[in-house]
Structure formats: C-alpha cells, structure tokens
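Taking the numbering used here, I'd label the letters of the sequence shown as residues 17 to 427.
Ideal Cβ placement from N, Cα and C applies to all residues, glycine included.
A short worksheet on the structure shown next.
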Amino acid sequence: MSTTPDPAPVPLNGPLLHSDPARAYREMRREHGSVVPVLLDGDVPAWLVLGYRELHQVTGDPALFSRDPELWNQWDDIPEDWPLRAMISRRQPSIMHTVGEEHHRRAAMLVAALEAVNPFDLRTRTERFADELIDAICPRGTADLVGEFAMRLPVRVLAWLFGFDDEDGPGLVTALNDIADGRDHDRSGQMLLLTSMTRLVAARRAEPADDVVSRMLADPAGCTDEEIVHDLTVMLGAGHLPTADWIGNSLRLMLTDNRFAASLFGGRNSIAEAMNEVLWEDTPNQNVAGRWASRDTRLGGRLIRAGDLLLLGLQGANSDPQVRTDGSALTGGNHAHFSFGHGDHRCPFPAQEIAEVIARTGIGVLLDRLPDIDLAVPAASLTRRPSPFMRGLSELPVTFTPTPALNGTLA
C-alpha cells in the first residue's frame, strides 16, 4: 500500500512571502496545516507556527517551548557567518533570551521604568520631533514618508525617553536604519548603539536624571550596568523598527483605502482604526524567532523534537480562518491579535502604549501639517523591504501643497 509523502519544507525567503504574504500563508496552511516545516537561510530547518491556538499554546508554555537558544539542536551545523546570527545567537546577554525568574526580574525592572513615563511629556516631545521632521520636507511639496518621516521619528523619541541628548539622535537613527536595511555589514551600527548605550548608562550612574536609564539603575532589583546596557540596546531596536513600520503601513492604508479617506481631511477617529487594522492585516512583526522545544512533543499534529526551533507566525495566526470567520469584525475595539506577542515574552504593556502614542501622534501631526497629502505613484507600485520577518515599505512617495516650515526648536 503506497503512501503520499509529506510536502517539502517551505523556503522562508521565497519571493511569494515577500510579495503576497497573505497568499503565502494560505498556501502553507493548505499544504501543511497549522505548523509548517520551513527552511531558513542555508537550508536550516525550523517550524513556522501559523495556527492561532497553536501559537497561543507555544507562547503560553515557556517550560515546554523555551526562549533559551542554547537548546537548539542545529548549532553544530550553523556557520559563524550565517546571515541570521544577529537574530538567533547562541549567547545573548539581553532580556530577550532570559528565562524563568531571571526573565521576570529583568522584565519587572524594565516595565517599572517605562510605566513612569509621563504620557503628556511623551506626546509633547513626539509632536515636536514630528514637526521638526515635517519642517524639513514641507517646503518641497514632495517627500518619502518612510525614509524621511516614519523611519526617523520613533528612534528620536525613544532616545529621548532613555536619556540621550538630542544631538545623539541623528546618529542613532542612521545606525538603526542601516541595521534594518541590511547595510550594517561591518556591524559598525551595532557597535555604535552598544557604545552609545554604555556611555549613557555610565553617565546616569554618575548623575541620575528623570529618564528610563536612571530609573533602571535605581531599581532595587539590582541589575548590573552591563545587563541594563544590553536590555536597553535591544529595546531601542525592538521599539524603533516595528513602530516605524506601523506608521508607514498605517499611512499606506489611509492613502489607498477609501474607508479611511476622512482622516486625511481633518478627521481623527480613522487613525486609530487604521492602526488597529494594520496590526491584524499587515503587522510589522510578521514572524519572530523563536522558541525551542525542551523535549519531544506534538503540536498541530506534528512531532516536534527536543531542540527544534519554532518561529512565531504572528501574521499567519492573525489570519487563521479557524478564529477569523468574519474579517470585518476586526476593526474597532478588537485587540486579540498576536502583533505584540503573548505570554512571558510579549511586548510589555507600557512599551505597547508608548509605541501607540508615538505612531498615533506622529500620524496626526503629519496629517495636520500636510492635509492634502496624496500618493505620488500608483498604489500597486509600492514595494516592501524583502524580509520574511518584518513587513514594511521600502518607500512611500507623496505629494502635497508646499507650506512654510514652522522653524520651531526643541525646548
């Protein structure tokens, strides 16, 4: 009696996943079910979890599905120059790869420092940075809202929150965006971030101020300066690019979908609705690495071996037809998406709130300043950065009526 062989693993860097991820996830689910065998760069095997329930199980059971990369059963076959080592590294000292009580201790310290951020000051500073960026483009009548706005605003605000001086902001912008675009081949951007954070922590150890770094240094949890440096360096990167793509993807939706046209002419209710729809349909964090099985188990009908790598398919889970029987019900107040993760390692709630304030305030300021903004190219010609992990526009060219700059300066 003959049996049908299992379908071949799916290359995660295939062109369909870049050009039409919704179709790619549908085809993966049809061929493989809710847990898909995939191949990373260099044909390294992994599992992509696309099912909503399965992803909830993986992220909710840190004992069985650990965040500790030391468990990976593929390390012997991973070369030193593997392209994904920046994302999946064996020894990473940051909070992202801590587990158990160590993770809870460091996460509690970070959450406490972020919860103390004054929301009024955050909005005010975001508005000022947004105005500064718009001042640079408004006299021209044309701009790329990704490169000249979305990819510059979040890191400037986050750098201010952490305690950096304003003059440090442009260098941090360049470093983070070089890393995001794959231009940081010599890792100079990563080194700049690390050395800049090290200097800031040392300065705040000597002279505390009202900022995130100072609050973490004063926390009774007693984390070392090195731990704080690594945690904040990771959080700066993790906070900047997804928020930048959230801004860019939301602006694209508002400029191409008639349902949100009113927000371009003075209305503001549609901004929040568009941002929430992006988190369901076009989330910046598409797939996240990772979790490692601590023992043999079964998930979605698949045998998962101890040490196997599982990728969190956040966008795939958001579009799971088993839980999304009516896509129209997702706008408004439904926030049950996976875009911020779930479980112990989800994005901390105060970090989510900060990202939302930055994105929503930045978009609001932009539409106030440039009310007749319009796409400069056909919507179908807009392209995305080629990544199976992040979903963001390469550029968003627009036109608008030129206006004088405000010439405001930051206080």
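Among all the DSSP beta bridges, which residues are the ones paired with residue i?
{"i": "Ile320", "result": "Thr313"}
{"i": "Ala166", "result": "According to DSSP, Ala166 bridges with nothing at all."}
{"i": "Val373", "result": "Paired residue(s): none; Val373 is not in a bridge."}
{"i": "Asn303", "result": "Gly329"}
{"i": "Arg400", "result": "Leu409"}
{"i": "Leu55", "result": "Pro27, Pro61"}
{"i": "Phe145", "result": "Phe145 is not bridged to any residue."}
{"i": "Phe178", "result": "Note: Phe178 sits in no beta bridge, so no partner."}
{"i": "Trp308", "result": "Ser82, Leu325"}
Are the beta-carbon atoms of residue i and residue j separated by less than 8 Å?
{"i": "Ala260", "j": "Met167", "result": "yes"}
{"i": "Asp247", "j": "Ile111", "result": "yes"}
{"i": "Arg318", "j": "Val115", "result": "no"}
{"i": "Leu210", "j": "Thr249", "result": "yes"}
{"i": "Pro170", "j": "His34", "result": "no"}
{"i": "Leu161", "j": "Leu267", "result": "yes"}
{"i": "Ser403", "j": "Ser82", "result": "no"}
{"i": "Leu271", "j": "Leu386", "result": "no"}
{"i": "Trp176", "j": "Arg141", "result": "yes"}
{"i": "Cys239", "j": "Arg122", "result": "yes"}
Over what stretch of residues does the beta strand (DSSP E) that includes residue i continue unbroken?
{"i": "Ala159", "result": "158 to 160"}
Taking the continuous alpha helix (DSSP H) assigned at residue i, which residues delimit it?
{"i": "Ala62", "result": "That residue, Ala62, is in no alpha helix (DSSP H); its beta strand (DSSP E) goes 60 to 65."}
{"i": "Pro413", "result": "Careful: Pro413 lies outside any alpha helix (DSSP H), inside the beta strand (DSSP E) at 413 to 415."}
{"i": "Val217", "result": "204 to 222"}
{"i": "Pro95", "result": "Here Pro95 belongs to no alpha helix (DSSP H), and DSSP marks it neither H nor E."}
{"i": "Ala40", "result": "37 to 48"}
{"i": "Leu269", "result": "241 to 272"}
Going straight from the alpha carbon of residue i to that of residue j, what length do you get?
{"i": "Ala237", "j": "Phe178", "result": "18 Å"}
{"i": "Pro366", "j": "Leu130", "result": "6 Å"}
{"i": "Trp91", "j": "Trp98", "result": "11 Å"}
{"i": "Leu208", "j": "Leu188", "result": "8 Å"}
{"i": "Glu293", "j": "Leu28", "result": "25 Å"}
{"i": "Ser18", "j": "Val304", "result": "Residue confidence is low: Ser18 scores 41 on pLDDT, short of 50, so the model does not pin down where it sits. No coordinate-derived value is stated."}
{"i": "Gly424", "j": "Phe416", "result": "Its pLDDT being 46, under 50, Gly424 is placed unreliably in this model, and the coordinates cannot settle the point."}
{"i": "Glu183", "j": "Phe165", "result": "18 Å"}
{"i": "Gln302", "j": "Arg220", "result": "36 Å"}
{"i": "Ala40", "j": "Gly378", "result": "32 Å"}
{"i": "Pro25", "j": "Gly253", "result": "31 Å"}
{"i": "Val414", "j": "Leu383", "result": "12 Å"}
{"i": "Gln399", "j": "Leu409", "result": "According to the sequence shown, residue 399 is Thr rather than Gln. Computed Cα separation, rounded: 6 Å."}
{"i": "Val393", "j": "Ala333", "result": "32 Å"}
{"i": "Ser10", "j": "Met251", "result": "The structure shown does not extend to residue 10, since the chain spans only 17 to 427, so no value can be given for it."}
{"i": "Leu422", "j": "Arg106", "result": "49 Å"}
{"i": "Arg362", "j": "Gly76", "result": "10 Å"}
{"i": "Asp336", "j": "Trp262", "result": "21 Å"}
{"i": "Pro109", "j": "Gly157", "result": "46 Å"}
Contact between the stretch 320 to 340 and the stretch 48 to 65 (3+ Cβ pairs under 8 Å):
yes
Count Cβ pairs between the stretch 353 to 366 and the stretch 149 to 166 that sit closer than 8 Å; are there 3 or more?
no
Taking 8 Å as the threshold, find out whether the stretch 216 to 234 comes into contact with the stretch 118 to 138 through three or more Cβ pairs.
yes
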